[in-house]
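Sequences listed follow chains R and F, in order. Mapping the first sequence onto the working numbering, position 112 (from 1) lands on 112, and the numbers just tick up by one. Positions in the second sequence are counted from 1; adding 1000 to them yields the working numbering. From the three backbone atoms N, C-alpha and C, an ideal C-beta is built for every residue, glycine too. These figures come from a predicted structure and were not determined experimentally.
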Amino acid sequence: MQFLTKKSDAEPVVAPLWHANFRNFDRLPDTKVVRTTFFINTAAIAVTLGMILWLGLREYNNYNLGEQKADAQRQIDSNQKQNSEALRLSKAFLEEEKKVNEVAAFLKTPITPSEFIDLVSQSLPKDIVIEYAETRITDPKNSIFQLRGRIAGGAAQAAGIADRYIDMLRHHEKLGKIFDPITLNRLDKDPQGEFMAFDISLTVKK
Amino acid sequence: MTTEDIVALLKKHPIGVACALITLFCGVLLYLRYGEIAKTQGQLDEASAQAKKMIANVRNSSGLAEQLAEIQALTKEMEDRLMKAGQLAVNLQYFYKLEAETEVKLSSDPRQNTFPRNIKTTYGGVPFNVAVQGSYAHVMNFLNKLQNGRHFCRINTSTMQKAGENNSEVTLALTLELLGQP
């Protein structure tokens, strides 16, 4: 029944040694086609060259940066005097400019009183008389102008004239651009009964 | 492994040992100088930015000296037109002169109000109250001369109305500021 036994369990076939092995493998020459030392040396040289290249590249970059830095420094040194002078001039200019801007801001107004009165008087219809004109410029964006006067004729006729006048002011080439809203606040019978008294306010556009 | 074995191994692989030593040396150098590039790069960026700024400053300043001279002449001219708040008599004289030039009549003596203290700007408005009476043409002339006169003028409020029922003249009351210094 020996043929039923598993192969792994079978006794290994060992050929009996016919003489003792006296070879010293450490001292024997490497007789491989490519010696192991070659691989070791090649790997060592490759790694070393890699390290040298890496270091060299970094140092070269550093040197380049240093050169560029020195170049920038030379530019700084050569422009130092002119730059100081430019800064001095610029500072002086800014101080002067500030003064000019202050004056411009002081004078800035949407419309001067004389210009306003001029424009109103030039565009005044013959049926209307202005008796009172007020300008109040508290700040350029919060200013109210006021006109008070009289309109000839009866209430219905005066209402029509006032309405057309307001419309004309709103569409006036200059006044219309500066004021909004332009409002008729009041249209009353004059105490003497001959005219209609009106009150118009003009608010500077915000 | 004894020392003799190590020496024998070193003698057996001299190239490998030399390479290992060089690699070690390179590694140490790389480690020690690791931050050098970043440091130099930072310094270069800083120096380049400064150099660029300086070059731009120098380039932009061409003609600045002439422009400065021009604006200085302008501000000098402006400052000659400023009112001195402390010179009350001289200031009031300005309105009397205008009165004489334009043939209006000052309804009351012009009043100079207090010059604002602690202003944050170089100049400030010297406040006045002025009231005049005269024909419409004369009053308008006064107003125009005031606005475009020697001193820089800002009219804060103005009221123009008929002087009276049977009077063809008009009155003009103004609160105004003339640009000046203390």
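Return the residue from the list the options that minimises the CA-CA distance to residue i.
{"i": "residue 199 of chain R", "options": "R:129, R:45, R:101", "result": "R:129"}
{"i": "residue 1046 of chain F", "options": "R:178, R:96, R:73, R:156", "result": "R:73"}
{"i": "residue 1182 of chain F", "options": "F:1139, F:1088, F:1027", "result": "F:1088"}
{"i": "residue 195 of chain R", "options": "R:71, R:204, R:156, R:175", "result": "R:156"}
{"i": "residue 169 of chain R", "options": "R:35, R:201, R:134, R:138", "result": "R:201"}
{"i": "residue 1030 of chain F", "options": "R:34, R:119, R:51", "result": "R:51"}
{"i": "residue 1128 of chain F", "options": "F:1062, F:1094, F:1071", "result": "F:1094"}
{"i": "residue 1067 of chain F", "options": "R:47, R:93, R:81", "result": "R:93"}
{"i": "residue 946 of chain F", "options": "R:120, R:182, R:100, R:88", "result": "The requested residue 946 of chain F is not part of the displayed model; chain F covers only 1001 to 1182."}
{"i": "residue 1133 of chain F", "options": "F:1009, F:1105, F:1006, F:1025", "result": "F:1105"}
{"i": "residue 1180 of chain F", "options": "F:1019, F:1085, F:1102", "result": "F:1085"}
{"i": "residue 1124 of chain F", "options": "R:20, R:107, R:127", "result": "R:107"}
{"i": "residue 179 of chain R", "options": "R:109, R:197, R:125, R:158", "result": "R:109"}
{"i": "residue 76 of chain R", "options": "F:1060, F:1048, F:1064", "result": "F:1048"}
{"i": "residue 183 of chain R", "options": "R:197, R:173, R:163", "result": "R:163"}
{"i": "residue 1036 of chain F", "options": "R:144, R:95, R:60, R:24", "result": "R:60"}
For chain R, check one thing: does any of its Cβ atoms lie closer than 9 Å to the Cβ of residue i?
{"i": "residue 1107 of chain F", "result": "no"}
{"i": "residue 1118 of chain F", "result": "no"}
{"i": "residue 1006 of chain F", "result": "no"}
{"i": "residue 1102 of chain F", "result": "no"}
{"i": "residue 1122 of chain F", "result": "yes"}
{"i": "residue 1050 of chain F", "result": "yes"}
{"i": "residue 1177 of chain F", "result": "yes"}
{"i": "residue 1013 of chain F", "result": "yes"}
{"i": "residue 1083 of chain F", "result": "no"}
{"i": "residue 1114 of chain F", "result": "no"}
{"i": "residue 1029 of chain F", "result": "yes"}
{"i": "residue 1058 of chain F", "result": "yes"}
{"i": "residue 1016 of chain F", "result": "yes"}
Once DSSP output is grouped into helix, strand and coil, what is the label at residue i?
{"i": "residue 1058 of chain F", "result": "helix"}
{"i": "residue 48 of chain R", "result": "helix"}
{"i": "residue 260 of chain R", "result": "Since the displayed chain R opens at 1 and closes at 206, residue 260 of chain R lies outside it and no answer follows."}
{"i": "residue 1036 of chain F", "result": "helix"}
{"i": "residue 1006 of chain F", "result": "helix"}
{"i": "residue 186 of chain R", "result": "strand"}
{"i": "residue 33 of chain R", "result": "coil"}
{"i": "residue 181 of chain R", "result": "strand"}
{"i": "residue 1119 of chain F", "result": "coil"}
{"i": "residue 1157 of chain F", "result": "strand"}
{"i": "residue 125 of chain R", "result": "coil"}
{"i": "residue 174 of chain R", "result": "coil"}
{"i": "residue 1084 of chain F", "result": "strand"}
{"i": "residue 1140 of chain F", "result": "helix"}
{"i": "residue 1162 of chain F", "result": "strand"}
{"i": "residue 1194 of chain F", "result": "A question about residue 1194 of chain F goes unanswered here, because the residues of chain F that appear run from 1001 up to 1182."}
{"i": "residue 28 of chain R", "result": "coil"}
{"i": "residue 1112 of chain F", "result": "strand"}
Quick check: is the beta carbon of residue i nearer than 9 Å to any beta carbon in chain F?
{"i": "residue 103 of chain R", "result": "yes"}
{"i": "residue 1 of chain R", "result": "Bear in mind that a pLDDT of 47 at residue 1 of chain R, under 50, signals an unreliable position, so the number given afterwards is only what the model happens to contain. So, not an interface residue."}
{"i": "residue 66 of chain R", "result": "yes"}
{"i": "residue 55 of chain R", "result": "yes"}
{"i": "residue 201 of chain R", "result": "no"}
{"i": "residue 194 of chain R", "result": "no"}
{"i": "residue 109 of chain R", "result": "yes"}
{"i": "residue 204 of chain R", "result": "no"}
{"i": "residue 189 of chain R", "result": "no"}
{"i": "residue 106 of chain R", "result": "yes"}
{"i": "residue 93 of chain R", "result": "yes"}
{"i": "residue 61 of chain R", "result": "yes"}
Measuring only between beta-carbons, confirm whether residue i sits less than 9 Å from chain B.
{"i": "residue 185 of chain R", "result": "As a matter of chain content, chain B is missing from the structure shown, whose protein chains are R and F."}
Next item on the list: Output, in sequence order along the chain, the residues in the segment 1157–1174 of chain F whose CB is closer than 7 Å to any CB in chain R.
Entry: 1157, 1158, 1159, 1160, 1161, 1162
Check: Do the segment 142–159 of chain R and the segment 184–191 of chain R make contact, defined as three or more Cβ pairs closer than 8 Å?
Finding: yes
Note to self: Tell me which residues of the segment 1033–1046 of chain F have at least one Cβ-Cβ distance to chain R shorter than 8 Å, keeping chain order.
What the structure shows: 1033, 1036, 1037, 1040, 1041, 1043, 1044
Next item on the list: Check each residue of the segment 19–38 of chain R: if its Cβ is closer than 8 Å to any Cβ of chain F, include it; give the result in chain order.
Entry: 37
Notebook entry, point to check: Between the segment 1060–1072 of chain F and chain R, which residues of the former have a C-beta closer than 7 Å to a C-beta of the latter?
Noted result: 1061, 1064, 1065, 1067, 1068, 1071, 1072
Checklist line | Cβ contact check for the segment 1021–1040 of chain F and the segment 65–72 of chain R: 3 or more pairs under 8 Å | finding: yes
Check: Along the segment 113–134 of chain R, what residues have a CB closer than 7 Å to any CB found in chain F?
Finding: 113, 114, 117, 131, 132, 133, 134
Next item on the list: Could you tell me whether the segment 1107–1119 of chain F touches the segment 1071–1081 of chain F, where touching means 3 or more Cβ pairs closer than 8 Å?
Entry: no
Margin query: If contact is defined by three or more beta carbon pairs under 8 Å, each pair taking one atom from either stretch, is the segment 1161–1168 of chain F in contact with the segment 1077–1086 of chain F?
Written below: no
Notebook entry, point to check: Between the segment 131–142 of chain R and the segment 1152–1163 of chain F, are three or more C-beta pairs nearer than 8 Å?
Noted result: yes
Notebook entry, point to check: Listed in chain order, which residues of the segment 79–91 of chain R have Cβ atoms closer than 7 Å to some Cβ of chain F?
Noted result: 79, 82, 83, 86, 87, 89, 90
Notebook entry, point to check: Taking a cut of 7 Å between CB atoms, which residues from the segment 1145–1156 of chain F lie near chain R?
Noted result: 1147, 1152, 1154, 1155, 1156
Next item on the list: Spell out a yes or no on whether the segment 1006–1019 of chain F and the segment 158–178 of chain R are touching, meaning 3 or more CB-CB pairs, one atom from each, closer than 8 Å.
Entry: no
Note to self: Taking beta-carbon pairs under 9 Å, can you tell me which members of the segment 148–178 of chain R lie near chain F?
What the structure shows: 148
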